[in-house]
Structures are given as structure tokens and as C-alpha cells.
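Chains as they are written, first to last, in the numbering used here: chain R, 7 to 271; chain A, 7 to 271; chain B, 7 to 271. Idealized CB from N, CA, C, for every residue including glycine. Have a look at the structure below before the remarks.
Shown next as C-alpha cells:
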């Protein structure tokens with residue numbers, strides 16, 4: 007197997023505790039040649055879907071890497087620690103759906119292994135340090151997945167399917183996937199859905215009863231209105247210029263928004 | 007051009023989204039020899055002045071580097087993506103004033119370029135990943151600024167001038183620039199202003215109607231009083247010992263404080 | 007002295023200000039061979055005990071390193087900047103108790119030095135940048151502690167003793183040391199105390215008047231009950247499954263909890 011110059015790391019550990027730092031130190035020690043890049047550790051605690059969305063959004067925009075991801079409410083139980091090979095990356099984390107959408111984005115899992123190695127010690131509550139980071143370090147160092155675990159059939163993996171949008175002419179029904187720091191709302195609808203619904207730049211729209219404009223930058227959004235524009239990951243986002251769409255609309259992840267063209271009403 | 011061993015990175019991206027991580031991964035891939043150090047990503051969202059102050063404070067205390075800075079409410083619009091050469095550093099970011107005070111601190115811009123290269127893709131909302139980090143990677147690798155953009159006259163750059171203080175004998179009128187995590191208030195006044203106003207250590211002062219002392223460490227501040235002392239960047243700060251001056255005074259950035267010596271009243 | 011490939015860094019600086027980044031840049035410049043890993047910068051402002059607990063918990067789980075730690079309410083005063091040698095590590099920080107429990111965990115201090123070198127400049131409020139990080143960089147580069155300071159007797163060091171638990175048959179009285187991001191409460195009691203009190207897995211317990219179970223993973227905790235289980239650092243923690251024990255019990259660090267076996271009441 008090749009060595010990987012990059013390990014990415016995503017979790018719900020936050021940065022106020024030393025959990026992330028201990029994993030970094032372990033990776034630095036056991037895979038000194040590799041760079042470790044934090045995608046984020048701000049995944050909402052134990053929110054597997056949140057982590058799965060962010061990881062899937064990122065994998066398209068990253069070089070070959072071992073992607074270490076830990077959002078793991080079932081730590082210590084029967085849920086399996088796994089490695090998935092997909093595209094030119096290896097995904098390492100719990101088999102609870104967290105890794106699935108990322109693997110799907112990379113043309114689906116080409117292989118999977120259940121990790122059978124763990125650090126000695128009595129703790130069963132910190133598998134990031136004791137199971138996942140050690141496995142990621144070995145994989146980044148070029149060890150074959152067979153040395154950290156046993157192959158399993160890909161169709162036994164826990165599957166998490168992210169919501170898509172319902173698209174009709176002039177109308178998109180979509181789920182809120184994420185809000186970002188700026189209050190932009192990332193939708194399950196993609197830019198392709200925009201085309202499929204026949205919604206084009208500068209068209210007048212309505213979102214949750216408010217006027218909205220289809221555009222491509224925040225600054226094009228008319229004062230006091232909503233904008234519907236491509237985000238950085240191929241999806242659509244709702245935004246207001248120099249303000250928070252999440253606050254204006256009072257929306258949070260998992261809620262539904264309906265986008266209609268005004269002519270179509 | 008020389009290679010740079012250090013890229014610093016400052017933004018308003020926060021750490022809860024993967025924006026910072028994606029820029030780090032890109033820098034690691036395209037400029038693998040360089041170290042990337044985060045100055046902070048806690049700049050208040052879209053607060054260009056906040057970012058400009060922090061960056062300017064830091065550049066004096068950093069080795070030769072490419073300084074990547076992104077606080078960019080005008081992303082995707084006509085505002086220009088730029089590189090500024092100043093002292094022994096290159097500054098990379100939007101031409102909205104963010105970089106200006108740092109360049110001014112380093113004896114002023116010696117050259118400037120408008121970045122003309124961007125990563126392929128439809129997104130116009132994440133120039134950190136698509137424009138600025140790729141340019142920073144090439145500059146850190148020793149490429150000439152001419153390979154990432156076109157030279158422009160320095161006097162066409164957007165200028166942002168940070169506030170200074172009004173100084174008279176025994177009196178300083180100053181703006182609050184920042185509050186830090188400890189509630190210390192960084193002022194636009196400098197330690198030189200302190201000398202100019204004739205305010206010396208151990209002198210009795212009054213700030214916003216409260217007794218204050220001119221000192222050099224937090225522990226010298228008398229219980230229940232304010233201290234006026236040099237901060238780590240050559241400016242003055244208002245502080246209380248083991249407490250928050252920001253809370254005690256109810257002040258936030260952009261507000262004015264008046265410091266008078268009690269003998270002078 | 008050997009070079010160290012790893013410098014860890016813990017502080018109460020937070021990440022919203024550039025304090026951590028400036029120390030990183032300095033370390034990158036002066037000790038370019040070493041990796042710097044942040045343990046956390048989320049120690050509560052000026053809470054030396056909080057920092058001491060986290061550092062002591064971590065040192066057992068880290069490779070040979072220089073451990074830089076700064077929680078320093080007395081910055082600029084007579085409190086001494088020190089280096090402590092313990093086990094195969096060097097600890098660098100203020101002599102206010104912050105380093106003591108970590109050194110104790112590593113079989114006690116084998117040597118100590120008062121740092122006598124500091125960067126030029128008028129500031130007396132940022133010893134992380136001006137005293138501690140420069141010393142850590144030199145030590146990581148293989149310089150002898152004698153080159154950064156003067157040896158002092160170990161018994162002159164400021165000692166901070168972390169609380170332990172009162173253990174009787176079927177009963178543990180323990181202090182809350184920490185809460186983590188998930189609301190788990192880390193106790194001063196250890197897994198050894200559990201054995202000493204005769205409390206075994208699956209035993210029915212009572213904590214603060216609520217039913218609790220002795221177990222080893224979060225998922226084993228019965229719905230609506232408390233779990234008492236080993237944390238990742240050899241101590242015991244109180245937890246609820248997919249919820250916050252800190253919220254359920256309304257407890258914060260320094261408060262006392264009593265754990266009794268129901269049969270023993």
C-alpha cells in the first residue's frame with residue numbers, strides 16, 4: 007500500500023478537552039511523515055448525520071488521504087470499528103453511517119475491514135485514541151488494511167443516506183442540512199436541482215413566504231431579501247447579505263424549506 | 007523569489023465548519039515544505055477592521071512568511087483579490103482594507119498584484135479555498151507574484167486606517183480596538199502616547215470615572231481598580247486583576263475611553 | 007540533551023485571540039524540526055487547577071516531549087518561570103502548581119530550573135511568547151536546561167496536590183474534577199478506588215439520590231439512569247447515555263459527589 011502524506015481528522019470532540027490533541031500526538035509519533043489536518047471538531051455532540059454531511063462534502067475537495075472521523079455514540083458497544091477504501095482514500099471510523107456518504111460520494115466503497123487492533127488499557131470510552139487513530143497511523147504509514155483488521159463484505163456496512171430534494175418545474179422542496187458560522191443554510195438540493203426545476207440566476211423566487219433571488223454571490227442578494235446560491239460543495243444555500251439566513255428564517259437542520267418561482271405560483 | 011517556510015492564516019471562518027481545514031489540506035498538498043500556523047479564525051464574522059487590527063498586531067512578531075488572511079464580505083464581487091509585498095513578507099487576501107494596516111506596520115507596501123488565478127468550479131462563495139490559499143501555496147513555494155497575478159500600483163489599494171489616540175498633558179482619549187479572552191481592553195493608544203501624556207507608572211489615574219493605576223503587570227493592579235498597562239503588541243490595555251475590564255466598564259470595540267491623571271483634573 | 011520531536015502546548019489562551027498562533031510561529035521558526043501539538047487552549051481563564059488536571063491526565067498518554075503549559079495569572083510578577091525534568095519529558099511553564107501534578111504522575115521531578123532568558127521588549131503580560139515558548143524551542147532543539155535557566159532545588163517548587171477520594175466499603179466520596187464537552191463528570195476517584203470500595207460492574211448504586219450503574223461503556227447505562235465508568239485517563243466518570251450528567255446532576259468542578267451501593271445503605 008502507498009504511504010499517505012495527509013491524514014484528515016473530523017470529530018465531535020470539540021477543542022476544550024484534550025481528546026483531539028492526544029490523537030494528534032499519537033499520529034505524530036506513529037506516522038511522523040504525515041501531516042494531520044483538522045477538518046473540524048465542532049460536529050454537534052453525537053450527531054452522526056452532521057458529521058457524515060460535512061465529511062462527504064469535504065472528500066471531493068481533498069487530495070489522497072486517510073480520513074479519520076469519529077462521531078461515536080456507540081463507543082465500546084458492538085458497533086464495529088471499520089476501514090473503508092473508496093477512490094484513492096481510506097476512511098477510518100465507527101460503522102454507524104458516519105463514513106458511508108463520503109464513500110458513496112467517491113463512487114462507493116471498494117473494500118471494507120473491521121479493525122481488530124486496539125491499544126492496551128481499561129478504557130472503553132475513547133476509541134479515537136485507542137482504536138481509530140492507531141489504525142489511521144498504520145494505514146498512513148503504508149500498512150495494508152489487512153494488518154489492522156479483517157475484510158468484511160461492503161454490503162454489511164451501515165448505510166446512511168442523506169436526504170435529497172423533491173424537484174418539480176419552478177419548485178424545490180429541500181431539507182436544511184447545515185448552518186454555517188455566517189448563518190447560511192446549506193440545503194439538500196444541489197445546483198443540478200436548480201437547473202432541473204428551471205430556476206435561473208436573477209429569477210424572482212419565494213422561500214417560506216419571503217422574496218428570494220437566485221444568484222451566485224452574497225453581494226448580489228437584494229437588501230432585506232433572501233438569496234439562493236451555490237455553496238462551496240455543489241449544493242444550494244440560502245443566505246442574506248451581511249446577515250444570518252438561519253436567524254431570519256428561524257430554521258435549523260432537518261427542517262424543510264420550499265422554494266418556488268413567483269411566476270409559477 | 008525565496009521559498010517561505012511559514013504560512014500564517016487568519017480568518018473569520020471559525021472552527022465549527024470545515025473551511026479552515028480545507029484550506030490547510032490544500033496548502034499541505036501544494037506547498038508540502040511549509041508550516042501553516044493559524045493566527046486565529048475567531049475574527050468576528052465579516053468584521054474587516056477586527057481582522058486588520060489582529061493581523062497588524064501580529065506581523066511585527068512573526069518571522070518571514072506568507073500571511074494569508076480572509077475576512078471577505080464582498081467575496082465573488084468586484085473587490086480584488088491581492089498580494090502585497092511589504093518588509094520580508096507577502097500578504098494575501100481581499101483588497102478591502104484587511105491587509106493594509108499590516109503592510110503599513112511593515113513600512114508600507116513595496117508592491118502589489120491582483121490575483122488572476124482561481125481553481126476551477128462553480129462556487130463564488132469560498133475564495134479562501136479557490137483563490138487565496140492556492141495563491142499562498144504558490145508564493146510559499148517560491149513562485150514570483152507575477153505568476154499568480156498582475157502588478158497594480160500600490161496607491162490603488164483600499165486603505166484602512168486604524169484609529170489613533172488624542173493625547174494631551176495628563177489626558178488620553180482613545181478608542182477600544184479589541185477585547186481579549188480575559189476581558190482586557192486593547193486601546194488605540196500606544197505606550198508612546200503614555201509618555202507623551204506624561205502618565206508614568208504608579209501615577210493615579212481616572213478612567214470612565216473609576217480609579218485606575220498605570221502599571222506593567224496585572225498583579226500590580228490594586229484590588230477593585232483598573233490598570234492601564236502595555237499589552238503584548240506595543241499598545242495600551244485596560245485590565246483588572248483576575249477579572250474582566252470589559253465587563254466592569256461595559257465597553258466594546260469602537261467605543262471611546264478617556265484616561266486622565268487625577269492631579270490634572 | 008536529546009532533541010524532542012514533539013512539543014505539546016496547553017493554555018488558557020483560547021483560540022479567538024492570536025496568542026496561541028504567535029507561540030506556534032515562534033516554535034516553528036526556532037525549532038523547525040519539531041511538531042507542535044495543542045492539547046487544549048480551552049482551560050478556563052486563569053484556572054491553574056483546571057490546567058494542572060488536564061496536563062497530568064495527558065502526560066501518561068504522550069510520547070517523549072517538551073510540554074509547554076501556560077495558565078499564568080501571576081504573569082510578570084515574582085512567580086518563577088520554570089523547567090521541570092520528569093520521566094522522559096521536560097515541563098515548561100509558570101511555577102504556580104500547573105506543572106506539579108504532571109511531574110508527580112511521572113514519578114516526580116528529577117530536576118528543576120528557573121528560566122532566566124526572555125525575549126527583548128517592554129511587555130510583561132505575554133510570557134507565553136516572550137519566555138516560555140522560546141525556552142521550549144531551545145529545549146526541543148536539544149539545548150541543556152542549564153542554557154535557559156539556573157538549577158533550583160526540586161523541593162522549592164510550588165506544589166499543587168489534586169484531590170483524591172474517600173473510600174469505604176460500598177461508598178466513595180469524590181470531588182468533581184472536570185466536565186467534558188459531552189457533560190460527563192470526571193471524578194477524583196480512580197478505577198482502583200472502585201475496587202477498594204468493592205463496587206463492581208452491574209452493581210446497583212446511588213449517586214446524589216439517583217439510581218446509578220457501574221459499567222464500562224456509555225451504551226450500557228440504563229435509560230434515565232446514571233453510569234459510573236472508567237474514563238480515558240484511569241479515573242472514574244459519571245455519565246448518562248446520550249445526555250449530559252453535568253446537566254442532570256447540576257454539578258460543576260470542585261463539588262462533592264457521594265457514591266453508595268444500594269445494598270450498603
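Report the three-state DSSP secondary structure of residue 241(R) (helix, strand or coil). For this step, residue 241(R) is matched to residue 235 along the first chain. Three-state DSSP puts residue 241(R) in a strand.
Could you tell me whether the segment 101 to 110 of chain R touches the segment 47 to 64 of chain R, where touching means 3 or more Cβ pairs closer than 8 angstroms? As far as the Cβ criterion goes, the segment 101 to 110 of chain R touches the segment 47 to 64 of chain R, which means the pair count is three or higher.
Just to confirm, are residue 67(R) and residue 28(A) a CB contact at a threshold of 8 angstroms? Sequence index remark: in the first chain, residue 67(R) carries index 61 (1-based). Sequence index remark: in the second chain, residue 28(A) carries index 22 (1-based). Closer than 8 angstroms, so yes.
CB contact flag (residue 129(R), residue 9(R), <8 angstroms): Mapped onto the first chain, residue 129(R) falls at position 123. Mapped onto the first chain, residue 9(R) falls at position 3. No. Outside cutoff.
Rounded to whole angstroms, what's the CA-CA distance from residue 15(B) to residue 243(R)? Just pull it up for me. By 1-based counting over the third chain, the position of residue 15(B) is 9. By 1-based counting over the first chain, the position of residue 243(R) is 237. Cα-Cα distance, rounded: 38 angstroms.
Limits of the beta strand (DSSP E) - the one that residue 13(R) falls within: As a position in the first chain, residue 13(R) is number 7, starting the count at 1. Residue 13(R) -> beta strand (DSSP E) spans 12 to 17.
Would you report the Cα separation of residue 34(B) and residue 45(R), rounded to the nearest angstrom? For the purposes of this step, residue 34(B) is identified with residue 28 of the third chain, where counting begins at 1. For the purposes of this step, residue 45(R) is identified with residue 39 of the first chain, where counting begins at 1. Between the alpha carbons of residue 34(B) and residue 45(R) lies a gap of roughly 22 angstroms.
DSSP-derived helix/strand/coil call for residue 52(A): Position 46 of the second chain, counting from 1, holds the residue named residue 52(A). Residue 52(A): coil per DSSP, three-state reduction.
The segment 235 to 242 of chain A contacting the segment 92 to 101 of chain B, beta-carbon criterion three pairs below 8 angstroms: These segments do not touch.
Taking the alpha-carbon of residue 52(B) as reference, which of 241(A), 252(A), 156(A), 187(A) has the nearest alpha-carbon? In the third chain, counting from the first residue as 1, residue 52(B) sits at position 46. Here the closest residue by C-alpha is 187(A).
In chain B, which residues lie less than 7 angstroms from residue 69(A) when you measure between Cβ atoms? Your numbering for residue 69(A) matches position 63 in the second chain. Ordered by position in chain B, the residues that pass the 7 angstroms Cβ test against residue 69(A) are 31, 35.
Taking the alpha carbon of residue 241(B) as the point to measure from, which residue in 217(B), 178(B), 159(B), 76(B) has its own alpha carbon closest? In the third chain, the residue the question calls residue 241(B) occupies position 235. It is 178(B).
In terms of residue numbering, what span does the alpha helix (DSSP H) encompassing residue 274(A) cover? Limits of chain A in this structure are 7 at one end and 271 at the other, which puts residue 274(A) out of reach.
Taking residue 49(B) as the reference, give the member of 268(B), 85(B), 259(B) with the closest Cα. Residue mapping note: residue 49(B) aligns to position 43 of the third chain, counting from 1. Checking every option, the nearest Cα to that of residue 49(B) belongs to 259(B).
How big is the Cα-Cα spacing for residue 156(A) and residue 63(A)? Mapped onto the second chain, residue 156(A) falls at position 150. Mapped onto the second chain, residue 63(A) falls at position 57. Separation of residue 156(A) and residue 63(A) (C-alpha to C-alpha, rounded to the nearest whole angstrom) is 28 angstroms.
Interface residues of chain R facing residue 236(B) [CB-CB closer than 8 angstroms]: The residue you call residue 236(B) lines up with position 230 of the third chain. What residue 236(B) touches in chain R: 128, 129, 130, 131.
Suppose the cutoff is 8 angstroms on Cβ atoms and the five residues either side in sequence are ignored; what does the same chain contact list for residue 270(R) look like? Here residue 270(R) is taken as the residue at index 264 of the first chain, counted from 1. Annotation note: pLDDT 45 at residue 270(R) (below 50); position unreliable, coordinate value reported separately. Excluding residues within five positions, the ones whose Cβ falls inside 8 angstroms are 175, 176, 177.
Within chain R, the residues that residue 8(A) reaches when beta carbons sit closer than 8 angstroms: For the purposes of this step, residue 8(A) is taken as the residue at position 2 of the second chain. One finds nothing in chain R with a Cβ atom closer than 8 angstroms to the Cβ of residue 8(A); even the nearest lies about 22 angstroms away.
Whole-number beta carbon distance between residue 78(R) and residue 88(R), since they are thought to touch under 8 angstroms: Locating residue 88(R) in the first chain gives position 82, counting from the first residue. Locating residue 78(R) in the first chain gives position 72, counting from the first residue. Contact flag wrong, Cβ pair sits at about 12 angstroms.
What distance in whole Å lies between the Cβ atoms of residue 118(A) and residue 158(A), which are believed to be in contact at a cut-off of 8 angstroms? The residue labelled residue 158(A) in the question sits at position 152 within the second chain. The residue labelled residue 118(A) in the question sits at position 112 within the second chain. So it is a contact: roughly 5 angstroms between Cβ atoms.
Give the interface partners of residue 135(B) over in chain A, defined as CB-CB distance under 9 angstroms, in chain order. Here residue 135(B) refers to the residue found at position 129 when the third chain is read from its first residue. Result: 67, 238.
Residue 29(A), enclosing alpha helix (DSSP H) - first and last residue: The count along the second chain starts at 1 and reaches residue 29(A) at position 23. Per DSSP, the unbroken alpha helix (DSSP H) holding residue 29(A) starts and ends at 25 to 36.
Between residue 83(B) and chain A, is any beta-carbon pair separated by less than 8 angstroms? In the third chain, the residue the question calls residue 83(B) occupies position 77. Yes, residue 83(B) lies at the interface with chain A (some Cβ there is under 8 angstroms from its Cβ).
Boundaries of the beta strand (DSSP E) in which residue 264(R) is found, first to last residue: As a position in the first chain, residue 264(R) is number 258, starting the count at 1. Residue 264(R): member of the beta strand (DSSP E) spanning 262 to 267, first to last residue.
Partner residues on chain R for residue 80(A), Cβ-Cβ distance less than 7 angstroms: Counting from 1 along the second chain, the entry for residue 80(A) is found at position 74. What residue 80(A) touches in chain R: 225.
Alpha-carbon to alpha-carbon, residue 11(R) and residue 282(R): Since the first residue of chain R shown is 7 and the last is 271, residue 282(R) is not available in this structure.
Beta-carbon proximity check, residue 13(R) vs residue 74(R), cutoff 8 angstroms: As a position in the first chain, residue 13(R) is number 7, starting the count at 1. As a position in the first chain, residue 74(R) is number 68, starting the count at 1. The criterion of a C-beta distance shorter than 8 angstroms is satisfied by residue 13(R) and residue 74(R).
Got a sec: is the Cβ-Cβ distance from residue 232(B) to anything in chain R below 8 angstroms? As a working note, residue 232(B) is residue 226 in the third chain. For residue 232(B), the answer is no, since every Cβ of chain R falls outside 8 angstroms of its Cβ.
Are any of the Cβ atoms in chain R nearer than 8 angstroms to that of residue 150(A)? For the purposes of this step, residue 150(A) is identified with residue 144 of the second chain, where counting begins at 1. Answer no: the Cβ-Cβ gap between residue 150(A) and chain R never drops below 8 angstroms.
Let me know the alpha helix (DSSP H) ranges lying completely inside the segment 156 to 239 of chain R, each 4 residues or longer, listed in chain order. 197 to 202, all fully within the segment 156 to 239 of chain R.
Using a Cβ cut-off of 7 angstroms, pull out every chain B residue sitting near residue 161(R), in sequence order please. Counting from 1 along the first chain, the entry for residue 161(R) is found at position 155. Neighbourhood of residue 161(R) in chain B, by CB distance below 7 angstroms: empty, with the nearest CB roughly 25 angstroms away.
Once DSSP output is grouped into helix, strand and coil, what is the label at residue 255(R)? Here residue 255(R) refers to the residue found at position 249 when the first chain is read from its first residue. Per DSSP, reduced to three states, the secondary structure at residue 255(R) is helical.
Should residue 82(B) be labelled buried (16 or more other beta-carbon atoms within 10 Å of its own) or exposed? Here residue 82(B) corresponds to residue number 76 of the third chain, with the count starting at 1. Buried: at least 16 other Cβ atoms inside 10 Å.
Measuring straight from C-alpha to C-alpha, what distance separates residue 261(A) and residue 193(A)? The residue you call residue 261(A) lines up with position 255 of the second chain. The residue you call residue 193(A) lines up with position 187 of the second chain. Our two residues, residue 261(A) and residue 193(A), have alpha carbons roughly 10 angstroms apart in a direct line.
If the cut-off is 9 angstroms on Cβ atoms, which residues from the segment 52 to 64 of chain R count as contacting chain E, listed in chain order? Protein chains R, A and B are contained in the structure displayed, whereas chain E is not.
Go ahead and pull the three-state DSSP assignment for residue 22(B). Translated into positions along the third chain, residue 22(B) becomes position 16. Per DSSP, reduced to three states, the secondary structure at residue 22(B) is coil, with no helix or strand assignment.
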